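Residue numbering for the sequence shown follows our numbering, beginning at 385 and increasing consecutively. Okay, structure first, notes after.
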Amino acid sequence: MNMPKALLIHATDKSLLVAEQPPIPFPVLGLITVATLFPRGWEVAVIDESMEAVDLEASADLVGISTLTLDAYHAYELADHFRARGIPVLMGGMHPSAMPAEALKHADAVVVGEAENVLDRVLSDFKDGRMHGAYKNENLPDLADVPRPRFDLLHPRHRYFLHSVQATRGCPRDCEFCSVTPFFGHQYRLRPVKEVIADLQASFEEARSRTVFFVDDNIAGRADYARELFEALIPLKIKWGSFASVTMTRDRKLMELAAKSGCIELFIGFESLSQNNLDRSNKSWVRADRMQEYIKIFHHYGIIVEGAFIFGHDEDRKDVFRRTVDFVQKHSVQVPVFGILTPYPATRLRARLDVEGRLLPEATDWRLYDGSHVLFKPAHMTPEELEEGFLWAKKFCCAPRSIFGRMFRAPRANWLTAVGLNFSMRSGRMQQIKDRWPRSKGPLAKPGTW
385 MNMPKALLIH ATDKSLLVAE QPPIPFPVLG LITVATLFPR GWEVAVIDES MEAVDLEASA
445 DLVGISTLTL DAYHAYELAD HFRARGIPVL MGGMHPSAMP AEALKHADAV VVGEAENVLD
505 RVLSDFKDGR MHGAYKNENL PDLADVPRPR FDLLHPRHRY FLHSVQATRG CPRDCEFCSV
565 TPFFGHQYRL RPVKEVIADL QASFEEARSR TVFFVDDNIA GRADYARELF EALIPLKIKW
625 GSFASVTMTR DRKLMELAAK SGCIELFIGF ESLSQNNLDR SNKSWVRADR MQEYIKIFHH
685 YGIIVEGAFI FGHDEDRKDV FRRTVDFVQK HSVQVPVFGI LTPYPATRLR ARLDVEGRLL
745 PEATDWRLYD GSHVLFKPAH MTPEELEEGF LWAKKFCCAP RSIFGRMFRA PRANWLTAVG
805 LNFSMRSGRM QQIKDRWPRS KGPLAKPGTW
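The structure is reproduced here in C-alpha cells:
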C-alpha cells in the first residue's frame, strides 16, 4: 500500500511587493510544526512560496494551504487548482481562521485557530472520505505537548542565515488593531524552557547559523518565564531577536539577562506619540511621555530598537508625520518601521470602523492588506493625505543620510547589524515609494503643506 502524501504550502503572492520583507524571509515555523502532527505512515512535504515555487502538477493525496490576509487570493487560486485536479484541500492560518466561510468556498475544510488538538480529527475524517467544513480548536493546546518542529523540512537556504523558534503563544495584551488575540485567544501560553532549548538544539543540527528569531508575539510577556528562558540561553552563545513590549524595560534584571543571552534586536510597537491614540487602541501601558526613556534603556543594554509607528489613528493630524520622523531621528530608533492603521479581519478595529461607516470600498480587497494602504476614512485628513504622509516619512527615514544620522547618535553595540537591517530593507521600501508615488505625481510634499 502506498504511503499517503500531504503537501503543505505557505502561500505567498510574489507579485505583491512587501517593502518590509528582509532578503531572507523567516522560516515558516507554523507549517513545519503542523508537519509533526501527521501520524506515522504519512509522507509530508513543505513548500514555502517565499523561497520556492509550488509545482502545480505535484502528486499529493491532501494539500494544506496556510495564508495571511495579504496572500489570500493567491492561496485561493492554489486551492482551486488542486481541487480541480481532484485533490482535497485543507486551509488554515490567520486569514482562513478569521474568514472561514470565505475560505470554504475554495477548500474542502478549514482549521480555525491552532492545528494541535484538531488535526487528528481532520485526518480521521479525511481517511473516511468525509473531511468537510470548519474544524475549530475548542481547547487551546498545552505547549508542553506540542511536538518538536520538523526543521529538516526547511528550505536549505534557511540553514545558512536565520532560523526561528517559538517559546510562547499569544499575548497578554489585547490591542484593538491586533489580530493575534482573535487567533490565539486571550491566554498567554508558555513552552517549558527545557523544551525550547531542545528545539534550538534540534534546529542547530539542521542549520549552520547561530542567529535565531523567536516568533513569539511578546517574548517577555511573563517576566519570570522570560528570566528563566534568557538564563538558559546564555550557554548557547547565540544571537537572537524577537517581538517585545516596552514593559520589559521596567525590569533591569530582565534586560541584563536579555543582553547576556545574546539579544541584539527587538521589534517594539510604540504605535503613536499620542497618549490618546494609545489609550483608544487599548495600549495604555505604553506611556507616550516615557518613550525616550524606553529607548534609552534598550540602548543601554546594546539592543537594537526596531520601532513600529502606525499612522492614521483618530488623533492624528497632518503634523504627525514630521513629529514622528523628528522623534525617530532625535532618539535614534535604529530601524523605524512605519505602517498605516489597517482593519484586519476579526479585529475590534475593523468592527468599530464598520459600525462608524468609515471602511472604504477598498477594504474588501485583501491584496491591499500590507500595512501601506489606506482602507478607511481618517478622522482629520483625507485618505490621500494619509498615504502621502506615510510615504514621505518612509522615504525620509530610509535615506542614507537619515540612516547614518540615527546610527551616529545610537550606541556602538551591534552598530553594523543595525546598519545592515536598514539597508537590507531599503531597496524594497524605495521601490514601494517609486511605485506608489511616481514622478508624474510630482515630488512628495513637505509635511504641513498638504
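Note that beta-carbon positions come from the ideal geometry of N, C-alpha and C, so glycine has one too. On a predicted model such as this, the values are computed, not experimentally measured, just so you know.
Note down, in chain order, each residue of its chain lying with its Cβ closer than 8 Å to the Cβ of Met435, except the 5 sequence neighbours on either side. Hits under 8 Å: Pro409, His539, Arg541 and His542.
At 4 residues or longer, what runs of the alpha helix (DSSP H) sit wholly inside the region 629-668? Restricted to the region 629-668, the alpha helix (DSSP H) segments that are unbroken, complete and at least 4 residues in length are 636-644 and 659-664, listed in chain order.
Taking a contact to mean a Cβ-Cβ separation below 8 Å, would you say Gln659 touches His715 in this structure? Judged by beta-carbon spacing, His715 lies beyond the 8 Å limit of Gln659, meaning their Cβ atoms are not closer than that value.
To which residues of the same chain is Trp669 closer than 7 Å at the C-beta, ignoring the five residues directly before and after it? Excluding positions up to five away in sequence, the list reads Thr631.
On the DSSP letters alone, give me the boundaries of the alpha helix (DSSP H) that Gly812 sits inside. Per DSSP, Gly812 belongs to the alpha helix (DSSP H) from Trp799 to Arg820.
In the DSSP output, which residue or residues are listed as bridge partners for Gly691? In the DSSP output, where bridge partners are listed per residue, Gly691 has Ile652.
Considering Cα atoms alone, identify which of Gly773, Ile817 and Ala802 is closest to Arg707. The shortest C-alpha separation from Arg707 is found at Gly773.
Can you give the Cα-Cα distance for Thr595 and Met765, rounded to whole angstroms? Spanning the two alpha carbons is a distance of roughly 42 Å.
Residues near Pro480 in its chain [Cβ-Cβ closer than 6 Å; skip 5 each side]: Answer for Pro480: Ala487 and Val494, listed in chain order.
Is the beta carbon of Cys781 less than 8 Å from the beta carbon of Val712? Yes, the Cβ-Cβ distance between Cys781 and Val712 is below 8 Å.
Once you ignore the five residues that flank Phe614 on each side, which residues in its own chain have a CB closer than 8 Å to its CB? These residues qualify, in order along the chain: Leu638, Leu641, Ala642, Lys644, Ser645 and Cys647.
With distances taken between CB atoms, is the gap from His490 to Glu433 smaller than 8 Å? Not in contact: His490 and Glu433 (Cβ atoms no closer than 8 Å).
Where the alpha helix (DSSP H) containing Ile787 begins and where it ends: Element bounds for Ile787: Pro784 to Arg793.
Give the secondary structure of Leu421 by DSSP, where H, G and I count as helix, E and B as strand, and everything else as coil. When secondary structure is reduced to three states using DSSP, Leu421 falls in the helix class.
Count the other C-beta atoms from every protein chain shown that fall within 10 angstroms of the C-beta of Asn602, then say buried if there are 16 or more, exposed otherwise. Result: buried.
My guess is that Lys389 and Ser443 are in contact by the Cβ rule of under 8 Å, so how many angstroms apart are they, rounded? About 7 Å; that satisfies the 8 Å criterion.
So for Ile449, helix, strand or coil by DSSP? In this structure, Ile449 counts as strand in the three-state DSSP scheme.
6 Å CB neighbourhood of His683 in its chain, flanking five on each side removed: Cβ neighbours of His683 within its own chain (closer than 6 Å, five residues either side excluded): Pro795.
My output table needs one value for Glu769: the three-state DSSP class, helix, strand or coil. The DSSP-derived three-state label of Glu769 is helix.
Under the three-state DSSP convention, the category Glu427 falls into: Glu427 falls in the strand class under three-state DSSP.
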